[in-house]
Amino acid sequence: MALRQDDKKFHTLLDNKWVGSKSGETVKIYSPDNQEVTGEIPALSQAEVDAAVAKTADVQPNWEALDGTERSELLHRWAQELEKMTDEIGDMIHKEVGKTLSAAKSEVKRTAQLIRHTAEEGLRTHGSFIQGDAFPGASKSTKAMVQKVPHGVVLAIAPFNYPVNLAASKIAPALITGNTVVFKPATQGAVSGLLMVEALVKAGLPEGVLNVVTGRGSVIGDFVVTHPKIDMITFTGGTATGQHIAKKASMIPVVLELGGKDPAIVLQDADLDKAAKEIVSGALSYSGQRCTAIKRVMVVNEVADELVAKVKERVAALKVGPSSDDADITPMIDQKSADFVVSLIDDAKQKGATVVHEGIQDQNLLGPTLLDNVTEDMEVAWEEQFGPVLPFIRISNELEAIDLERRNAYGLQASIFTKNLENAFTIADKLNVGTVQVNGKTSRGPDHFPFLGVKNSGQGVQGIGRSIDSMLRDKVLVLNL
Numbered sequence: 001m002a003l004r005q006d007d008k009k010f011h012t013l014l015d016n017k018w019v020g021s022k023s024g025e026t027v028k029i030y031s032p033d034n035q036e037v038t039g040e041i042p043a044l045s046q047a048e049v050d051a052a053v054a055k056t057a058d059v060q061p062n063w064e065a066l067d068g069t070e071r072s073e074l075l076h077r078w079a080q081e082l083e084k085m086t087d088e089i090g091d092m093i094h095k096e097v098g099k100t101l102s103a104a105k106s107e108v109k110r111t112a113q114l115i116r117h118t119a120e121e122g123l124r125t126h127g128s129f130i131q132g133d134a135f136p137g138a139s140k141s142t143k144a145m146v147q148k149v150p151h152g153v154v155l156a157i158a159p160f161n162y163p164v165n166l167a168a169s170k171i172a173p174a175l176i177t178g179n180t181v182v183f184k185p186a187t188q189g190a191v192s193g194l195l196m197v198e199a200l201v202k203a204g205l206p207e208g209v210l211n212v213v214t215g216r217g218s219v220i221g222d223f224v225v226t227h228p229k230i231d232m233i234t235f236t237g238g239t240a241t242g243q244h245i246a247k248k249a250s251m252i253p254v255v256l257e258l259g260g261k262d263p264a265i266v267l268q269d270a271d272l273d274k275a276a277k278e279i280v281s282g283a284l285s286y287s288g289q290r291c292t293a294i295k296r297v298m299v300v301n302e303v304a305d306e307l308v309a310k311v312k313e314r315v316a317a318l319k320v321g322p323s324s325d326d327a328d329i330t331p332m333i334d335q336k337s338a339d340f341v342v343s344l345i346d347d348a349k350q351k352g353a354t355v356v357h358e359g360i361q362d363q364n365l366l367g368p369t370l371l372d373n374v375t376e377d378m379e380v381a382w383e384e385q386f387g388p389v390l391p392f393i394r395i396s397n398e399l400e401a402i403d404l405e406r407r408n409a410y411g412l413q414a415s416i417f418t419k420n421l422e423n424a425f426t427i428a429d430k431l432n433v434g435t436v437q438v439n440g441k442t443s444r445g446p447d448h449f450p451f452l453g454v455k456n457s458g459q460g461v462q463g464i465g466r467s468i469d470s471m472l473r474d475k476v477l478v479l480n481l
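Residue numbers for the sequence shown follow full-length UniProt numbering, beginning at 1 and rising by one.
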């Protein structure tokens, strides 16, 4: 069988064979642009998922036994095949998750670069050698060889907003280190993920080294997370789901990339033109549906009016419409998400927020909304909106901003806009987040930079080198000579 059953129906990958579910059941995927069906994926049963996991576990020792150079070469070929499919995969990302075609193709190209970098970096992992007499009373003749070995079977769970990049950022580090993979794509974005895997099959993926499980989370979600042959889980998605996975996973390692409420802190000496540009881009690209999107602006009173005016001017120039029109602000992923954003806007209005700019509300297409004079009693001051609404909170000084951030449930990133770098460093030291951006928008950044969140924003560290580290554990051989 091939990946495509027909124009709309797709198979999933089990043991290097493209198959449907034995029941024939499928899950439909709807376009955010027009709610038309863009594809159908197999709704696997628990028994089918069990077989997929068992196969990846069976072949893992053979995959680990391969020379690292052979695994690296496979990844390089995968990157090449992926680039050949840029137009096809980009078009599917565009249809499935509502990104503009240019942004979708850019994601594919970036992913190929990530895979290549991972293929190279994975060859540089090494263990260590420890002499016993480094500890008082221990013998010099006792020595420890610390090896780096794979966990075994890695469950990689990807989100809808970067269905290819954030899938490959889990799969590539797992494969290069000798783990086998069970890949569960988000339903919205699953076909894009399957096309990415098709490129890996074309590159020469050995049977069973990666299997893809698709279906309804209510049926297979907890089943695969708690499967006894899963040795590690890496997940990107909502905080509530991540916390649920962490509890279910119990004793196995878990890396979580979750939500954020990233603040942009704008001080009196900031370059307001630069700040406005970075804030609009950081808050509203892909309609704010990014964990690293700027979710609130904390601006000192002295420059608040000027900054709000500059942001408003830029927002008013943004094009709102379907992704097929190459709009700046495109429909949200589904109606439920849009309704949540509208509820935050309505709550802020009722509690006295000033509406600086109000976008249209047409089903799941929401124009950007700017809210000024947002106060702590408003839900939008604390809740992660994951959509095109930006609240401005006026502050007296940076200490107030630090306090607001530290009382926040999330801790992914923060931006500081100021010309005083010494002051920026001082503030950064006091912010309880994974990353602080100085005079730039919050963003994932280059894929080889460490990427992490604290508090409810996640656990563990990603970024190519750190992701590779997370896929390995220490195994110690003690020599008593």
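Glycine included, each C-beta is placed from N, C-alpha and C at the ideal position.
For clarity, every value in this text was computed on a predicted model and none was experimentally measured.
Item: Please go through the same chain and pick out, in chain order, the residues whose beta-carbon is closer than 6 Å to the beta-carbon of Pro253, but skip the five residues on each side of it.; Value: Met232
Item: First and last residue of the alpha helix (DSSP H) that includes Ile89?; Value: Thr86 to Val97
Item: Where does Ser323 land, buried or exposed, given buried means 16+ other C-beta within 10 angstroms?; Value: buried
Item: Please go through the segment 350 to 413 and give each complete beta strand (DSSP E) segment of 3 or more residues, from N-terminal end onward.; Value: 354 to 357, 369 to 372 and 389 to 395
Item: I need the straight-line Cα distance from Phe175 to Gly204, nearest angstrom please.; Value: According to the sequence as given, residue 175 is Leu; it is not Phe. Distance between the alpha carbons of Leu175 and Gly204: 13 Å.
Item: Give the list of continuous alpha helix (DSSP H) stretches no shorter than 4 residues that lie fully inside the segment 278 to 339.; Value: 301 to 316
Item: State the Cα-Cα distance for the pair Asp372 and Glu302, rounded to the nearest angstrom.; Value: 14 Å
Item: Tell me, which residues are paired with Asp262 by DSSP?; Value: Ile294
Item: Contact defined as beta carbons within less than 8 Å: I believe Ala264 pairs with Ser23. What is the distance between those atoms, to the nearest angstrom?; Value: With a Cβ gap of about 49 Å, Ala264 and Ser23 do not count as contacting.
Item: Arg116 to Ala249, Cα distance in whole Å?; Value: 31 Å
Item: Given a cut-off of 7 Å, decide if Gln147 and Ile333 are closer than it, judged by their beta-carbon atoms.; Value: no
Item: So within the segment 1 to 87, which uninterrupted alpha helix (DSSP H) runs reach at least 4 residues, ignoring any that extend past its ends?; Value: 46 to 65 and 68 to 84
Item: From this set, Lys95, Gly215, Arg473 and Glu121, which residue's C-alpha is nearest Val19's C-alpha?; Value: Gly215
Item: Kindly indicate which residue of Gly242, Glu257, Ala309 and Gly288 has the alpha-carbon position closest to the one of Asp273.; Value: Ala309
Item: Which two residues bound the contiguous alpha helix (DSSP H) that contains Gln113?; Value: Leu101 to Glu121
Item: Based on Cα-Cα distance, which residue from Pro32, Asp133, Gly288 and Ser443 lies nearest to His481?; Value: One detail in the question is off: residue 481 reads as Leu in this sequence, not His. When each option's Cα is compared against that of Leu481, the closest is Asp133.
Item: For the beta strand (DSSP E) containing Met196, name the first residue and the last one.; Value: Where Met196 is concerned, there is no enclosing beta strand (DSSP E), although the alpha helix (DSSP H) it sits in stretches over Ala190 to Lys202.
Item: Counting along the chain, where does the alpha helix (DSSP H) carrying Ser467 start and finish?; Value: Ile464 to Ser470
Item: If Leu13 and Val201 are in contact, beta carbons under 8 Å, what's the gap, nearest whole angstrom?; Value: 7 Å
Item: For Ser128, which beta-bridge partners are listed by DSSP?; Value: Val146
Item: Could you give the distance in angstroms between the alpha-carbon of Ala190 and the alpha-carbon of Asp305?; Value: 44 Å
Item: Give the DSSP-derived three-state secondary structure of Val342 in the structure shown.; Value: helix
Item: Since Asn211 is in the beta strand (DSSP E), which residue starts that stretch and which ends it?; Value: Leu210 to Val212
Item: Relative to the C-alpha of Gly288, which candidate in Lys9, Val59, Asp87 and Asn161 has its C-alpha closest?; Value: Asn161
Item: Tell me whether Gln243 sits in a helix, a strand or coil according to DSSP, three-state version.; Value: helix
Item: Taking C-alpha atoms, which residue in Ala348, Val299, Gly359 and Thr354 lies nearest to Gly321?; Value: Gly359
Item: Please check the pair Thr442 and Ile294, which I expect to be a contact at CB under 8 Å, by giving their CB distance rounded to whole angstroms.; Value: 6 Å
Item: Who does Asn480 pair with in a DSSP beta bridge?; Value: Thr142
Item: Are the CB atoms of Gly98 and Asp33 within a distance shorter than 7 Å?; Value: yes
Item: Let me know if Asp403 comes out buried or exposed under the rule of 16 or more other beta-carbons within 10 Å of its beta-carbon.; Value: exposed
Item: Give the secondary structure of Thr442 by DSSP, where H, G and I count as helix, E and B as strand, and everything else as coil.; Value: coil
Item: Considering only the alpha carbon of each residue, which of Lys8, Arg394 and Ile157 lies closest to Ile41?; Value: Lys8
Item: By the DSSP assignment, the beta strand (DSSP E) with Phe183 in it spans what residues?; Value: Thr180 to Lys184
Item: Can you tell me where the alpha helix (DSSP H) holding Phe425 begins and where it ends?; Value: Leu421 to Lys430
Item: Out of Ile345, Asn211, Thr375 and Val454, state which residue places its alpha-carbon closest to the alpha-carbon of Ala401.; Value: Thr375
Item: With burial defined as no fewer than 16 other Cβ atoms inside 10 Å of the residue's Cβ, what is the status of Gln437: buried or exposed?; Value: buried
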